[in-house]
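Asker: Let me begin by handing over the structure; questions about it come next.
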Amino acid sequence: MSKNSSAEAAVSTAEEVDALFVVPGSAAMTRLSAVETVRARILLPIEHGLLAPGSKLPKLQHIAEGLEVSAITARRGLESLVEDGVLVRRPGRGGGTFVADVPPELNDSAVTAYRADAQAIRHLIDQRSLMECGIIHEAALRATPEQCDELDALIQQSQDAPSWLEHHGPDTRFHTLIAEISGLPSIPTYLATYDALLKYFVPYPLEELVQGRDEHRALVAALRANDPVEAVRITREHVGALHREMFVALPR
1 MSKNSSAEAA
11 VSTAEEVDAL
21 FVVPGSAAMT
31 RLSAVETVRA
41 RILLPIEHGL
51 LAPGSKLPKL
61 QHIAEGLEVS
71 AITARRGLES
81 LVEDGVLVRR
91 PGRGGGTFVA
101 DVPPELNDSA
111 VTAYRADAQA
121 IRHLIDQRSL
131 MECGIIHEAA
141 LRATPEQCDE
151 LDALIQQSQD
161 APSWLEHHGP
171 DTRFHTLIAE
181 ISGLPSIPTY
191 LATYDALLKY
201 FVPYPLEELV
211 QGRDEHRALV
221 AALRANDPVE
231 AVRITREHVG
241 ALHREMFVAL
251 PR
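Position 44, counted from 1, in the sequence shown is what the working numbering calls 44; the numbers after and before it change by one each time, with no gaps.
This is the structure:
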């Protein structure tokens with residue numbers, strides 16, 4: 001192949017990768033500011049009853065880490081929701097930021113943009129499923145007992161987390177570590193898809209996370225047994241469940 005042909009092939013591949021993310025990424029999502037994404041990701045679980053009236057939000061630091069924004073951005077988003085009457089601040093011992101007892105219904109543009117991306121989200125889930133199945137197949141052939149121990153420790157950290165936002169860190173590290181174990185060169189592409197999808201997650205009650213952790217434990221067991229067939233089966237069910245569990249599929 002000539003140098004020109006190689007260059008053309010490289011450009012074509014780059015364009016294909018860009019196109020892959022253009023469709024799922026959706027213009028509506030990319031136009032939102034960081035503060036608007038915080039608003040949407042707090043408003044949605046309130047609207048769906050995942051954050052009940054009167055419930056206390058985690059500390060600002062944990063909200064920022066769970067939503068992967070700066071503390072300043074998280075604070076601004078929360079303050080805007082306090083101004084709108086969705087959240088209330090209570091001083092003193094036992095105080096903090098709470099969901100209002102009767103939060104108002106807002107026709108929020110950020111939430112509208114999130115909902116408009118429903119089909120884009122489903123594309124991202126399918127992309128993640130395809131890539132994660134390939135990654136887990138290779139990881140099952142390579143995983144060492146020590147790496148499996150580390151994965152089990154991350155599952156335990158997730159279980160010990162007092163809220164979804166604090167569960168997010170070890171859960172993300174769990175999937176990242178499996179990708180690293182696979183040793184595949186496509187890891188950056190997978191992580192880009194994973195991160196893009198993660199931006200659509202909203203805080204969930206802890207009881208909603210039990211099944212996912214059980215699937216993670218079963219997945220680690222398959223890795224310990226170096227059983228790629230079982231590992232792929234579990235992964236397909238685990239990622240496929242996102243079509244039912246993410247906010248776009250929740251009853252209103």
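A virtual CB, placed ideally from N, CA and C, is assigned to each residue, including glycine.
Measuring CB to CB, does aspartate 84 end up less than 9 Å from leucine 50?
Answerer: By one-based count along the sequence shown, residue 84 stands at place 84. By one-based count along the sequence shown, residue 50 stands at place 50. Not a contact, by the Cβ cut-off of 9 Å.
Asker: Short of 8 Å in beta carbon distance, which residues of its chain neighbour phenylalanine 174, apart from the five on each side in sequence? Order them along the chain.
Answerer: To locate residue 174, count along the sequence shown from 1; it is residue 174. Once the five neighbours on either side are set aside, the close Cβ partners of phenylalanine 174 are Leu151, Leu154, Ile155, Ser158, His216.
Asker: Where do the ends of the beta strand (DSSP E) carrying threonine 144 lie?
Answerer: Reading the sequence shown from its first residue, position 144 is the one you call residue 144. Unbroken run through threonine 144: none, as it is neither H nor E.
Asker: If you reduce the DSSP assignment to three classes, tell me which class valine 102 lands in.
Answerer: In the sequence shown, residue 102 corresponds to position 102, counting from 1. Coil at valine 102, not helix or strand.
Asker: How long is the line joining the alpha carbons of arginine 122 and histidine 243, rounded to whole angstroms?
Answerer: Here residue 122 corresponds to residue number 122 of the sequence shown, with the count starting at 1. Here residue 243 corresponds to residue number 243 of the sequence shown, with the count starting at 1. Each residue's alpha carbon lies about 7 Å from the other.
Asker: Residues in the same chain with beta-carbon distance under 7 Å from tyrosine 194, minus the five sequence neighbours each way, listed in chain order, please.
Answerer: Within the sequence shown, numbered from 1, the residue matching residue 194 stands at position 194. For tyrosine 194, where only same-chain residues beyond five positions count, the Cβ hits under 7 Å are Arg128, His175.
Asker: Hey, quick one: how far does the beta strand (DSSP E) through leucine 177 stretch, first residue to last?
Answerer: Numbered from its first residue, the sequence shown carries residue 177 at position 177. Leucine 177 -> not in any beta strand (DSSP E); alpha helix (DSSP H) instead, spanning 164 to 182.
Asker: Give the straight-line distance between the Cα atoms of alanine 113 and arginine 224, rounded to the nearest whole angstrom.
Answerer: Numbered from its first residue, the sequence shown carries residue 113 at position 113. Numbered from its first residue, the sequence shown carries residue 224 at position 224. Cα to Cα, alanine 113 sits roughly 42 Å from arginine 224.
Asker: Determine the burial state of valine 99: buried for a count of at least 16 other Cβ atoms within 10 Å of its Cβ, exposed for fewer.
Answerer: As a working note, residue 99 is residue 99 in the sequence shown. Valine 99 is buried by the Cβ-count criterion.
Asker: Going by alpha carbons, who is nearest to glutamate 132 out of Leu32, Ala231, Met246?
Answerer: Counting from 1 along the sequence shown, the entry for residue 132 is found at position 132. Out of Leu32, Ala231, Met246, Ala231 has the C-alpha closest to the C-alpha of glutamate 132.
Asker: What number of angstroms, rounded off, separates the C-alpha of valine 35 from the C-alpha of alanine 196?
Answerer: Residue 35 sits at position 35 when you count from the first residue of the sequence shown. Residue 196 sits at position 196 when you count from the first residue of the sequence shown. Going from the Cα of valine 35 to the Cα of alanine 196 covers about 17 Å.
Asker: Looking only at its chain, what residues have a beta carbon closer than 6 Å to the beta carbon of alanine 40, apart from the 5 residues adjacent to it on each side?
Answerer: In the sequence shown, the residue the question calls residue 40 occupies position 40. Correct list, in chain order: Ala110, Val111, Tyr114.
Asker: Can you list, in chain order, the residues of its chain whose CB lies under 8 Å from that of valine 23, leaving out five sequence neighbours each side?
Answerer: Residue 23 sits at position 23 when you count from the first residue of the sequence shown. Note that valine 23 has pLDDT 38, beneath the 50 cutoff, so the model's placement of it is unreliable and no number is given.
Asker: What number of angstroms, rounded off, separates the C-alpha of alanine 261 from the C-alpha of glutamate 146?
Answerer: A query on residue 261 cannot be resolved here, the shown segment of the chain reaching from 1 to 252 and no further.
Asker: Between which two residues does the alpha helix (DSSP H) harbouring valine 239 extend?
Answerer: Position 239 of the sequence shown, counted from the first residue, corresponds to residue 239. Residues 228 to 240.
Asker: Closest to glycine 94 by CA distance: which of Ala118, Ser55, Glu47, Leu43 is it?
Answerer: Within the sequence shown, the letter at position 94 stands for residue 94. Comparing Cα positions, the closest option is Ser55.
Asker: Taking contact to mean at least 3 C-beta pairs separated by less than 8 Å, is the stretch 207 to 215 in contact with the stretch 179 to 191?
Answerer: At 8 Å Cβ cutoff, the stretches do not touch.
Asker: Would a C-beta distance cut-off of 9 Å place isoleucine 135 and leucine 184 closer than the cut-off?
Answerer: Your numbering for residue 135 matches position 135 in the sequence shown. Your numbering for residue 184 matches position 184 in the sequence shown. Result yes, Cβ atoms of isoleucine 135 and leucine 184 sit closer than 9 Å.
Asker: If you compare alpha carbons, which of Thr144, Val82, His168 is closest to glutamate 180?
Answerer: By 1-based counting over the sequence shown, the position of residue 180 is 180. Considering only alpha carbons, the answer is Thr144.
Asker: Helix, strand or coil for valine 202 per DSSP?
Answerer: For the purposes of this step, residue 202 is taken as the residue at position 202 of the sequence shown. Residue state, collapsed to three classes: coil.
Asker: By the DSSP assignment, the beta strand (DSSP E) with arginine 89 in it spans what residues?
Answerer: Residue numbering aside, residue 89 sits at position 89 when the sequence shown is read from its first letter. 87 to 90 is the extent of the beta strand (DSSP E) around arginine 89.
Asker: The ligand FMN and alanine 161: does the residue's C-beta get closer than 8 Å to at least one heavy atom of that ligand?
Answerer: The model on display carries no ligand, and the ligand FMN is accordingly not part of it.
Asker: Determine the DSSP secondary structure at glutamate 245, reduced to helix, strand or coil.
Answerer: Sequence index remark: in the sequence shown, residue 245 carries index 245 (1-based). In this structure, glutamate 245 counts as helix in the three-state DSSP scheme.
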